[in-house]
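Presented below is the structure to which this report refers.
In the working numbering, the protein residues as written are 19 to 674.
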């Protein structure tokens with residue numbers, strides 16, 4: 019294929035609206051979006067400062083009205099940039115660098131937030147949305163939660179304005195743009211960033227609420243119930259966002275995997291783990307007024323992990339398909355912002371936590387202790403990821419040498435902790451709150467234990483081979499949690515609360531996820547080789563024959579499409595089409611995998627580079643239990659929505 023000679027260097031950006039060689043009317047059109055974008059950012063900054071000042075001065079009615087205005091206008095800068103992308107207004111540097119007239123409309127829209135500057139506008143809009151919701155969903159007693167929210171808003175606006183301006187003008191205006199990274203031209207990346215960012219920024223609400231509770235010094239017990247709801251929202255969104263990102267990586271990157279322990283992937287998992295721990299401590303705070311101090315520390319740490327994840331992606335320290343091209347100024351700004359926010363929050367915590375009442379009367383074998391241990395294990399699991407994520411960066415900075423920490427580290431640290439946590443998640447709900455005799459618990463759980471052992475033993479029989487003993491343990495933990503959750507559901511006879519059924523659903527999803535991931539790792543198989551038209555490759559019970567290869571033009575790419583016939587036990591089952599796409603504008607090639615998906619397994623075919631004409635590199639992966647894995651992730655996210663749908667927070671709005 020002939021490569022496009024599109025110039026990769028754009029004209030110098032024009033920061034001032036001068037020297038545009040156009041008629042006055044054209045000048046107005048060209049600079050209108052830039053001016054409106056800058057004005058909207060300035061206006062939001064002014065509103066953020068006003069919100070903080072009004073709240074601090076106890077003008078709560080005016081503060082609420084300001085929050086509602088922020089709610090309505092928070093997405094305005096993103097909407098202005100979106101217009102530029104949809105209309106291919108290449109007078110904006112951001113549009114010229116990330117769009118092209120041939121790009122499909124859906125990717126013009128998603129390309130708005132598929133770059134650093136646009137994604138920060140999405141961050142800003144989502145944070146503004148949550149800020150506007152605070153006066154609606156949080157009682158007036160804790161209205162001071164608007165103060166930290168206003169500081170966060172103002173900080174992000176300043177970061178955008180001074181280091182990540184999406185409204186810089188170009189001169190002269192190019193006739194075409196450079197296009198969007200082809201890896202981001204996928205339907206999964208249309209929805210993955212907004213959902214993930216909604217989870218990230220959603221954790222700002224528990225963070226701000228924790229600050230408000232600490233400032234009050236003598237809070238009512240109501241705060242734990244409110245915070246539980248405020249954590250469930252971003253927790254569910256983070257779950258969905260992480261799962262969707264894994265689904266995108268599985269489909270788009272062509273290597274047959276869904277999780278690589280990439281530092282940027284880890285950056286989204288760390289706040290999820292802390293938020294999960296927070297949910298467990300809040301149950302104790304709400305039910306027993308226990309672990310209240312940890313319940314106010316965890317939202318601070320979880321949101322700090324969100325900010326640290328932002329720093330990793332945008333500091334330029336990492337090279338990843340997830341990371342954005344960045345500059346040192348951005349990294350320094352974010353690091354300073356994180357330091358300021360975290361130091362201020364921890365100062366307030368240390369100063370005011372002695373005033374927060376806490377009771378602790380848990381006996382050894384009780385549900386209280388089970389929840390405490392589960393929360394502690396989740397925090398430890400998060401720490402193992404923090405260590406693996408930041409140690410290589412610190413080591414390289416100090417010595418200049420590169421050290422890599424890969425999957426084996428997580429297999430011996432994170433995975434055992436996660437498996438034991440899953441086991442305890444099945445134990446805890448069966449134990450009484452105060453204390454219960456171990457023998458009573460054994461009688462209650464014996465049927466679940468026997469069922470989980472039998473089900474674990476059937477998997478190797480079905481798969482046709484025996485796994486390692488660790489695989490059996492992990493599968494057993496998954497089956498145990500599924501069976502225990504099912505027993506709890508049956509015993510309640512429809513009389514449980516919404517939060518109870520949300521817990522049962524979430525635990526079931528986690529058990530399914532662990533079971534599916536274990537089966538997938540233990541029994542997957544793969545083949546890397548070369549094939550010519552008419553050739554056949556065998557992997558286990560499958561035979562794959564290359565029928566032909568065609569070149570097909572797409573809307574903004576040229577596709578090298580291989581038609582492959584698949585046979586199982588000598589019987590034809592499907593014809594698959596794997597692609598190599600060349601994007602002339604971006605001068606880049608990508609692999610589009612062909613996936614034959616059934617209830618029990620996926621057959622995954624991916625084309626590699628061609629060493630010679632009519633010789634094609636082919637990757638074949640047999641991936642058992644993939645749909646079960648996606649189903650488990652879906653169930654976990656659904657659990658949060660189920661709990662929220664049945665949440666009832668009653669409070670009296672007594673603000674003046």
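Note that the Cβ used here is the ideal one computed from N, Cα and C, for glycine as well.
On the CB-based measure, 16 or more other CB atoms within 10 Å of its CB, does residue 306 come out buried or exposed? In the chain shown, residue 306 corresponds to position 288, counting from 1. Answer is buried; the Cβ neighbour count reaches 16.
Which residue spans inside the region 424-451 form an unbroken alpha helix (DSSP H) run of at least 4? 425-430 and 432-445
Residue 296, DSSP secondary structure in three states: Locating residue 296 in the chain shown gives position 278, where the first residue counts as 1. DSSP places residue 296 in helix when its eight states are reduced to three.
Measure the beta-carbon distance from residue 245 to residue 300 and round it to whole angstroms, keeping in mind my assumption that it falls under 8 Å. Taking the first residue of the chain shown as position 1, residue 245 is located at position 227. Taking the first residue of the chain shown as position 1, residue 300 is located at position 282. Residue 245 to residue 300, Cβ: 6 Å. Contact.
Nearest-angstrom Cα distance between residue 641 and residue 647? Sequence index remark: in the chain shown, residue 641 carries index 623 (1-based). Sequence index remark: in the chain shown, residue 647 carries index 629 (1-based). Straight-line measurement puts the Cα of residue 647 at about 11 Å from the Cα of residue 641.
Kindly give me the distance between the Cβ atoms of residue 604 and residue 199, rounded to whole angstroms, as I take these residues to be in contact under 8 Å. Reading the chain shown from its first residue, position 586 is the one you call residue 604. Reading the chain shown from its first residue, position 181 is the one you call residue 199. Yes, they are in contact, since the Cβ atoms of residue 604 and residue 199 sit about 7 Å apart, within 8 Å.
Could you name the residues that DSSP lists as bridge partners for residue 583? Position 565 of the chain shown, counted from the start, is the residue given in the question as residue 583. Answer by DSSP bridge pairing, in chain order: 563 and 593.
Can you check DSSP and say which residues form a bridge with residue 307? Residue mapping note: residue 307 aligns to position 289 of the chain shown, counting from 1. According to DSSP, which records beta bridges pairwise, residue 307 is partnered with nothing at all.
Do you know offhand how far residue 651's Cα is from residue 535's? As a first step, residue 651 is located in the chain shown; it is residue number 633 there, counting from the start. As a first step, residue 535 is located in the chain shown; it is residue number 517 there, counting from the start. In a straight line, the C-alpha of residue 651 is about 11 Å away from that of residue 535.
Let's see if you can read the secondary structure: which residues bound the alpha helix (DSSP H) around residue 135? Here residue 135 is taken as the residue at index 117 of the chain shown, counted from 1. Residues 134-155.
Leaving out five residues before and five after residue 99 in sequence, what residues of the same chain have Cβ atoms less than 7 Å from its Cβ? The residue given as residue 99 occupies position 81 in the chain shown. Cβ within range, chain order: 55, 112, 130, 136, 139 and 184.
Residue range of the beta strand (DSSP E) that residue 642 falls in? In the chain shown, counting from the first residue as 1, residue 642 sits at position 624. Residues 634-642.
Under 8 Å between C-beta atoms, does residue 539 make it to chain B? The question asks about chain B, but that chain is absent: this structure has only one protein chain.
Within 10 angstroms of the Cβ of residue 464, are there 16 or more other Cβ atoms? Answer buried if so, exposed if not. Counted from its first residue, the chain shown places residue 464 at position 446. So residue 464 counts as exposed.
Could you give the residue range of the beta strand (DSSP E) that holds residue 547? The residue you call residue 547 lines up with position 529 of the chain shown. Counting along the chain, the unbroken beta strand (DSSP E) around residue 547 starts and ends at 543-549.
Contact under 8 Å by Cβ, residue 182 with residue 118: Position 164 of the chain shown, counting from 1, holds the residue named residue 182. Position 100 of the chain shown, counting from 1, holds the residue named residue 118. No.
Closest Cα partner of residue 517 within the set 422, 658, 489 and 654: Translated into the one-based positions of the chain shown, residue 517 becomes position 499. It is 658 whose Cα lies nearest to the Cα of residue 517.
Just to confirm before moving on: does the CB-CB distance between residue 201 and residue 488 stay below 8 Å? As a first step, residue 201 must be located in the chain shown, where it is residue number 183. As a first step, residue 488 must be located in the chain shown, where it is residue number 470. No, the pair does not count as a contact, with Cβ atoms beyond the cut-off.
Since residue 329 contacts residue 349 with CB under 8 Å, what's their CB separation in whole angstroms? Indexing the chain shown from 1 puts residue 329 at position 311. Indexing the chain shown from 1 puts residue 349 at position 331. Contact holds; Cβ gap of about 7 Å.
What are the boundary residues of the alpha helix (DSSP H) that residue 386 is part of? By 1-based counting over the chain shown, the position of residue 386 is 368. Segment 385-417, the alpha helix (DSSP H) holding residue 386.
Thinking residue 221 and residue 157 are a contact (beta carbons under 8 Å), I'd like their distance in whole angstroms, please. Position 203 of the chain shown, counted from the first residue, corresponds to residue 221. Position 139 of the chain shown, counted from the first residue, corresponds to residue 157. Residue 221 to residue 157, Cβ: 20 Å. No contact.
Can you tell me which of the three DSSP states residue 658 falls into? To locate residue 658, count along the chain shown from 1; it is residue 640. It is helical.
Please tell me whether residue 378 and residue 313 are closer than 8 Å, where the distance is taken between their beta carbons. For the purposes of this step, residue 378 is identified with residue 360 of the chain shown, where counting begins at 1. For the purposes of this step, residue 313 is identified with residue 295 of the chain shown, where counting begins at 1. Cβ distance not < 8 Å, so residue 378 and residue 313 don't count as in contact.
Based on DSSP bridge pairs, tell me the residues matched to residue 612. Position 594 of the chain shown holds residue 612. 623.
Ordered along the chain, which non-local residues of its own chain (more than five positions away) have a Cβ less than 6 Å from that of residue 102? Position 84 of the chain shown, counting from 1, holds the residue named residue 102. If the five residues before and after residue 102 are omitted, its C-beta is found closer than 6 Å to the C-beta atoms of 51, 110 and 113, all from its own chain and listed in chain order.
Buried versus exposed call for residue 294 [16 or more other C-beta atoms within 10 Å across all chains shown]: By one-based count along the chain shown, residue 294 stands at place 276. Its Cβ being crowded by 16 or more others within 10 Å, residue 294 is buried.
Quick one, which of 406, 273 and 367 has its alpha-carbon nearest residue 282's? Your numbering for residue 282 matches position 264 in the chain shown. When each option's Cα is compared against that of residue 282, the closest is 406.
Is the number of C-beta pairs between the region 265-273 and the region 388-402 that are closer than 8 Å three or more? no
With a threshold of 7 Å, establish whether the CB of residue 419 neighbours any heavy atom of the ligand FMN. Annotation note on the ligand FMN: not contained in the displayed structure, which lists no ligands.
Rank 601, 583 and 498 by C-alpha distance to the C-alpha of residue 575 and give the top, closest one. What you label residue 575 is simply residue 557 of the chain shown in a count that begins at 1. Nearest C-alpha to residue 575: 601.
So what's residue 119 in DSSP terms, helix, strand or just coil? Numbered from its first residue, the chain shown carries residue 119 at position 101. DSSP places residue 119 in coil when its eight states are reduced to three.
State the DSSP-derived secondary structure class of residue 203, mapped to helix, strand or coil. Taking the first residue of the chain shown as 1, we reach residue 203 at position 185. Correct three-state label for residue 203: coil.
Can you tell me which of the three DSSP states residue 663 falls into? The residue labelled residue 663 in the question sits at position 645 within the chain shown. Of the three classes helix, strand and coil, the one that applies to residue 663 here is helix, per DSSP.
Based on the DSSP output, what are the partners of residue 556 in its beta bridges? For the purposes of this step, residue 556 is taken as residue 538 along the chain shown, with counting starting at 1. As DSSP reads the structure, residue 556 sits in a beta bridge with 561.
Start and end residues, alpha helix (DSSP H) containing residue 76: Position 58 of the chain shown, counting from 1, holds the residue named residue 76. Segment: none, residue 76 is in no alpha helix (DSSP H) and carries neither H nor E.
Under three-state DSSP, which class holds residue 284? As a first step, residue 284 is located in the chain shown; it is residue number 266 there, counting from the start. For residue 284, the secondary structure class from DSSP, reduced to helix, strand or coil, is helix.
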